[in-house]
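Numbering (full-length UniProt numbering), first residue to last: 1 to 77. A short write-up of the structure that comes next.
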Amino acid sequence: MERFYSALDAIIAMKKIRGVNTYCRLNNIDRRNFIAQRKDLERGWFQLSWLYPMVKEYGVSAKWLLTGFGRMFEEQK
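The following block contains the structure:
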């Protein structure tokens, strides 16, 4: 989960999206659960479906998200 939120911060810093609200709205994620999960990683509301847009739309490496190995972003081809 920490890598997920790190990647989200990187995507926001790169100005690919405006912020958390935008990510949640575009991907039909309950923003309240999303924010509460970030504040308390033990909460148990995290859903694997939150990862999909990161990989598909923003080029975050699925391998890095799941294992921590490799680079955060896939190489652009």
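Virtual Cβ for every residue (Gly too), placed ideally from N, Cα, C.
What I want to know is whether the C-beta of residue i ends up closer than 7 Å to one or more non-hydrogen atoms of the ligand ZN.
| i | result |
| --- | --- |
| K63 | The ligand ZN is not among the ligands present in this structure, which contains no ligands whatsoever. |
With a cut-off of 8 Å on the beta carbons, I'd call residue i and residue j a contact; round off their distance for me.
| i | j | result |
| --- | --- | --- |
| R3 | G68 | 6 Å |
Do residue j and residue i have their beta-carbon atoms positioned less than 8 Å apart in this structure?
| i | j | result |
| --- | --- | --- |
| F34 | V55 | no |
| Q37 | R31 | no |
| W50 | I29 | yes |
| L41 | M1 | yes |
Using the rule of at least 16 other Cβ atoms within 10 Å of the residue's Cβ for burial, across every protein chain shown, is residue i buried or exposed?
| i | result |
| --- | --- |
| Y23 | buried |
| L8 | buried |
| L66 | exposed |
Quiz item: Does the region 11 to 19 come close enough to the region 51 to 63 that 3 or more CB-CB pairs lie under 8 Å?
Solution: yes
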